[in-house]
Structures are given as C-alpha cells and as structure tokens.
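Protein chains in written order, with our numbering: chain A, 9 to 661; chain B, 1086 to 1130. Beta carbons: idealized from backbone N, C-alpha and C, even for Gly. What follows is a single structure, written as structure tokens, with notes after it.
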Amino acid sequence: MQVVNVLSLLLIALTWLCALRAGYRLSLRCGVNESASAWALACIPPTAGLVCAVHVVMTLSFVTGAAVVTPVPIAVAFGVLGWIGSRVVGRLGGDAQNPSAVKEPPSAEPRMGWLWLPVLCVAGMYAVFFVDAVTRYPTGYDGLHYHLPTAVGWMRTARMDLSLGLLHQSFPENGMIVPFLLAFSKSDRLLTLVHLPKALWVALSIFGLARAVGVGNRAALLGACIALSVPIVVFQSFSSYIDLYAASAWLAALLALTWVARTSDARQRRMLIVLAGLSAGVALGSKTTFLVLVPLLGVVAIAAARMSSKDAVRPGSSPVRAALWFGVACLACSFGWFTRGAIQAGNPVYPLAVEVGGERLLPGVAAREHFPSRPIVRKLARWWDYPWRETKHSGTGYPYSVNNAMGAAYAAFVPVGFVAALWGFITRRERTVERAWMLIYAALSLTGMILLLTLFREMLRFVLPLGLIGAVFGAWLVQRMVDRHPRVVPVLATVAFAVTAAVAVLKPAHALAGRIRGDVWSRAEFYEMPAEVDDLSTGARILNLAELPATYPLYGEDLDREVITALQWEAMLSGRAMSARSLREHGIEYIYLRGPCPNDWPRDLPVTLLGGDGDGPSPRSCVEGRIYRVAESDRRVVHLSAAPQAGPLSNDR
Amino acid sequence: MLRVRHADRLWLGLCVLSLCAYMALSESVRAFGAEVLRLTGKFCG
C-alpha cells in the first residue's frame, strides 16, 4: 500500500469527520432543534461531499481520458468541496444560538421503564451479527458477484468506465465508493462493516420522522428499533448489498423535508431543501430503482415548500424554486453516472433502456427481460398477507435474509398502526402539520405497495425506504397505547423483538460456531475454495467458470488479481467455443471451476489441476471447487481487458 | 375520552392478534423451529 494513498485515505477520513461536525452545526442553524434529527441531517454533508468529490474526479477521467480515480485527487476534491461548503454555510449567517435553534426543553415524558427491554433485544441482535462479521470475510450474492468486484475494478484501473453489454458492471454505484476507497487499504475484513453506520443513519432518520408527527421520544425510539429489527436491514448492515445504503440516504432526505415545513426562515428552508436534494442525489446514484423513488421526494419537496410552520414569517415558498434547488442538489451527487452513460453508451440512464410505446430509443436492458411478469390478481394473492407469512418470493434458503422478511415487531405494530392512522384520517378532521406529514407518509407507503406489485416486479428490497416508513406508524401507535397500557405494551414489544432477534441471529450464530468448531479462519476455507487460491501470484489473470459470487473471493486477500466472470468470458469469446487458442489470446493464467465441467470444455485443454479435488485435468463429474493452471506456453504475457469494451486494465500499478 | 380508551384497547388487541398471526403463519418462525430441531438433533445424537 503506497504511503501517498494511506495519507489520502486519512485525509478523506479527517475531512469526513470535520464535515460531520460542520453538518451538525448547519442543522442547528437551520432550526433543527431535535438531537436525533440534527445528527441524521449532519450525516448528509460528509456523505454527499465525498460522493460529489468522486463524481468530479470520475468526470475528469471521462473528459481527459486519464486514469485519475485514485485517493489523492479524491482527497483534494473532497477538501476543496468541504472548503466551498464551509464558505457557503458561513454566508448563511446566524449561529447555533439563534431563536429557532434553541434546544427543546426537557419534556415531561415518563421514563423508558420496561421499554428498554425491546431496545436491549435489538442491541443483542446487532452484537451477534457484529461478532460474526468481524470474524469473517464479505458475503452477499450480489456483493460478491458484482458490487465489490466493480469497486476492485475501479481500484485496479483508476477509472470508473462502463462495461457495455455487461448489465451488472454498469449500474450506478454510489454505495461502492467507500468499499472502493477501503480496497486501497488491502483489508477486505473492513468491508463486512461498511454498511453498519447506514443502519444507525436509518434509525436516526426514523426517530426524527416519528418526532415530526408528534410522537414522543420513547415511542420514537421504539419506531427506530422496529426499523432496525427488519431482517433486510440487519442482514444488509453486515453484507455487501447496497439497498440499505440507498434507503438511508432517501430517508434522511425525507427527514430534511419534514423540517422544511417546521422552520420559519426562508434561508433555512432553502438550505434544508438543498440538504434533502443532496441526500436524494446520493440515493439516486446508488441504484436505478431510485430513478422512480427520488422523484417522489421531489413531489414531497414541493409540498413541504408550500406548508407553513406555526410561526412562519411568510407562508410557504415558491414550489418551482424549491423543485429547482432540490433538483440541482440532487444532480450534484449523481451527475457522474449520467455523464458516464451519456458519453460511453449514448444513454444517460444506461444500463436501463429508454423505450417509448414499445420502441427502444436508447440502448440498454428493460426490466421485463430480467424479471417474470404475473397477473396483478396473482400478485395480490401472493402479497396481501406478507408481513405475517414472509414467504420468500425471490431467492431460496432461510426466510430471514438480505432480501426477505420484515420481522415480528414490524408485523405486530406496523399494519395495525397503518390502519389506525387511516381510521384517524377518516374520523377526525384536523389541519395540523403533523397530520399533513402522516398523510404524506401514508401516501408514500401506499405508493411503495403499488410499486412493489407493478414496476419493481415483487422485489421487496427495491421498496425498502418506503417499507421502513411503516415504522413511523408503529411508533405512532405505541405512542397512543403506551400511557394507557404501561405494562402490556412493553411486554408485547419485548416478545415481538425477542422473536425477531432469535430468528435472525440463528444463522450468524450457527455460522460463527461452525467456524470456531472447524477452525475455519483462512479466506480460502471461508469461501470453500482450494487453499492454493490464496497463494496465486499478484496480478494473476483468473477465469471464473464457477458460480458468479466466486468472483470476489478470487481477487485474493490483497485484491491484486484480475478475475473474468463467465458472463465476461462469453462476451470475449463472441460466440466461439472455448479453446486453447482463446485462453492464449486472452492471457488466461488460471481457471476456477466448481461442479461438472462446461459442455464445451475441450478434452485437449492445456491445463493442469493446481488445487481442489478432481480426477484429472478435465473431470466431468467433480463437484468440488478446483483451480487449474493454464500451461505456460499456451498463454500470452500481455494482459487484455477483463471487460472487453471498457478499455484495458493495467496490471503494472 | 371513553371512546378513545376503547379504541386504544381495540388497537392493542389487534396488535396482540397480529403478533399471534405472525407466530402461527410465519414461514420464518417455522424455518427457525425446524433448524433448531435439526441442530439439537445433530448435537444430541
């Protein structure tokens, strides 16, 4: 690891912390007088600043054609953006002591009492996941298949180019910026914890969103616990999926918008809308599904700008201006991906195809090509009782996972809270800001349900932020019940959280116990690969013909190898069969296989078994993972691109 | 006031019912039970 990279990473970390502190002061200046909300909004400037800095450097690399996406220019850009940000905030005027920023007086709310028990259940659940995560290597199907390999690819090439024709390597990946930077530290154990702070960000945002509808601290804390206990959240906190990353930014943006309606000063409102836009931009650049979810926030921004707080100096502000500020800020944290798509594929939203009336206007792939479509009645039949049944509609295995289940606490409080809130809308006619936000949350939740069954093709994690808003309804219901039933509600909550925690921790606890019992600590053993995989040389070029998630493990502990997936290999062969010549042409040094050999595996392939069990150089029935070395005389020394259309990968760094 | 108290009791009852429905119907709880039985069986014998 180069010293200059170490210094740059330290500088980035330092700038991040300074920006967090400045973000907190900014929140106070914007009139955010509730601690959890202030800290949730404080996370926006450092997160957005780092993302924006990477986008600036990335765009520079597209324009100049130079491989400059490394920690040094990113640290410089981040520092410059931080300085500009501090100047802008300085011009905002006011200080933390301005009248609207005075801390709320301590409320006369009763103490937490037995409500600490549910909080302890959630803390215990995260503790088990944490211990498991720090003693293992990164996991997650999508993460090992393409999220982490994409980040490693950026690190190796110092570029963030598109891989035309390769869907998974072409997604916007704001969520992989921190793993990309951590990859320079050559320690992939850190990557298991990279999304844990996002769970905390979600908890702070849900707490703030609950407070925005008049919920007290105790019930708001329980709402945050409901969100944290959702299995998708806890599993993704320690995995390499990016739905949680994007959802945390989206929820923080929504929180900023709730404060727009609660502050009186025009400059504070504008600043909060900009903060919301920046956070929404982070989400927009994280996943293509947010091309749908972020415009929903745009609508909320317009509504928030029209709302007047109780002591507003003037009623509302121009919705057009609010939309403009929101949109510009949003693009500041996502423009790099749109620029990349426009320059390299002729489609800003690549890999998503742009179609009008069935006619493809811009290249890419349509969702229907990857997800099955079912009649709406059948979809309703599959989903109406989902919170209680938790049937796994996508993927296989244990129901609690990165893409399935909402947990017992969610099932106990959220559906009832939602119905109770709807009943309240019908039976009571009040005109308060709190009620308006409840209506907005309800509308967003309903939109989430509709999107799940239509555009998002029943992929639950695609609507994660909208699903997590449900925790606010749970908090609101607890608020209503807890004073009248101070014993029953804590008991009910404790049972619900304990059930969720028990079901969730079984898998990590079992895996951890298995590793301790079997003394499985090496990388190769963890990924069930031959030990020889750990010893391959630096810069080795490996063809992965096993399952796609084997891609990341093959990069090795120092992430210094080059791995070509079966999908990339297919593109490289362009319809030809695999042969000694094709291996030679593409400089393949090793082939990794698990299970039977492919049908087109030639008998005379010049390979020797290096590691793993097999009955010779070309076994047809072996199910173990095994690595073959391609005969020296049959490969070129010059390495070609792993992604053939994306420019050469240099191995000389 | 009385109506509010009755309504709160109703919502609390529905929450309890909802949790019971989860325990009875959830495939996750069933999978957890099966896994615990399997592991216990493996451990004991």
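A direct Cα-to-Cα measurement between Ala350 of chain A and Thr78 of chain A gives close to 23 Å. Taking 9 Å as the upper bound on Cβ-Cβ separation, chain A lies near residues Ala1109, Leu1110, Ser1111, Glu1112, Ser1113, Val1114, Arg1115, Ala1116, Phe1117, Glu1120, Val1121 of the stretch 1109–1123 of chain B. Glu593 of chain A: member of the alpha helix (DSSP H) spanning 588–593, first to last residue. Boundaries around Tyr636 of chain A are those of the beta strand (DSSP E), 633–638, since no alpha helix (DSSP H) includes it. Not a single C-beta of chain A is nearer than 9 Å to the C-beta of Cys1129 of chain B. In the structure shown, Tyr134 of chain A adopts helical secondary structure according to DSSP, grouped into three states. Along the stretch 390–411 of chain A, the positions whose C-beta sits under 8 Å from a C-beta of chain B are Asp393, Pro395, Trp396, Arg397, Glu398, Thr399, Lys400, Tyr406, Pro407, Tyr408, read in chain order.
Distance from Ile281 of chain A to Ala311 of chain A at the Cβ level is roughly 12 Å; contact not present, criterion being Cβ atoms closer than 8 Å. Collapsing the DSSP output to three states places Asn411 of chain A in coil.
Of all C-beta pairs linking the stretch 1098–1114 of chain B to the stretch 498–508 of chain A, three or more are shorter than 8 Å, placing the two stretches in contact. For Val130 of chain A, not one C-beta of chain B is nearer than 9 Å to its own C-beta. Distance between Phe346 of chain A and Gln10 of chain A, taken at the CA atoms: about 32 Å. In the structure shown, Leu551 of chain A adopts extended strand secondary structure according to DSSP, grouped into three states. Scanning its chain for C-beta atoms nearer than 7 Å, with the 5 sequence neighbours on each side dropped, one finds around Val127 of chain A the residues Leu229, Cys233, in chain order. Arg569 of chain A places its beta carbon less than 9 Å from that of Arg549 of chain A. Across the structure, Ser193 of chain A and Val14 of chain A are spaced so that their CA atoms are roughly 7 Å apart.
Going by C-alpha positions, Leu259 of chain A is about 34 Å away from Gly1118 of chain B. Membership of Ile599 of chain A in the beta strand (DSSP E) is indicated by the continuous run 598–602. Chain B has a Cβ within less than 9 Å of the Cβ of Pro423 of chain A. Within the same chain, Val238, Pro395 come within 6 Å of Met414 of chain A by CB-CB distance, once the 5 residues on both sides are set aside. Put simply, the CB of Ala235 of chain A is far from chain B, with every gap to its CB atoms at 9 Å or more.
Where Arg329 of chain A is concerned, the enclosing alpha helix (DSSP H) starts and stops at 327–340.
Here Leu463 of chain A is exposed, its C-beta having fewer than 16 other C-beta atoms within 10 Å. According to the DSSP assignment, Val308 of chain A belongs to no beta strand (DSSP E) but to the alpha helix (DSSP H) extending over 298–314. Any Cβ of chain B closer than 9 Å to the Cβ of Val221 of chain A would place that residue at the interface, and such an atom is absent.
Listed along chain B, the residues sitting closer than 7 Å to Val511 of chain A by beta-carbon distance are Ser1113, Val1114, Phe1117. Bridge pairing for Arg368 of chain A: A:Glu363 [DSSP]. Within the DSSP secondary-structure output, Glu398 of chain A pairs in no beta bridge. Legend: CB atoms of the stretch 470–490 of chain A lying less than 8 Å from CB atoms of chain B belong to residues Leu485, Arg488, Met489. Contact check for Ile52 of chain A against Ala261 of chain A passes: the beta carbons are separated by less than 9 Å. Note that the C-beta distance between Val441 of chain A and Ala269 of chain A is below 9 Å. In the pairwise beta carbon analysis, the stretch 181–196 of chain A is classified as touching the stretch 150–166 of chain A: at least three pairs are separated by under 8 Å. Neighbours of Leu468 of chain A in chain B, taken as residues whose beta carbon is under 7 Å from its own, are absent, since the nearest beta carbon is some 13 Å off. When the Cα atoms are used, Ala46 of chain A and Asp273 of chain A turn out to be separated by approximately 17 Å.
Around the beta carbon of Gly173 of chain A, 16 or more other beta carbons lie within 10 angstroms, which makes this residue buried.
Per DSSP, the unbroken beta strand (DSSP E) holding Glu570 of chain A starts and ends at 570–572.
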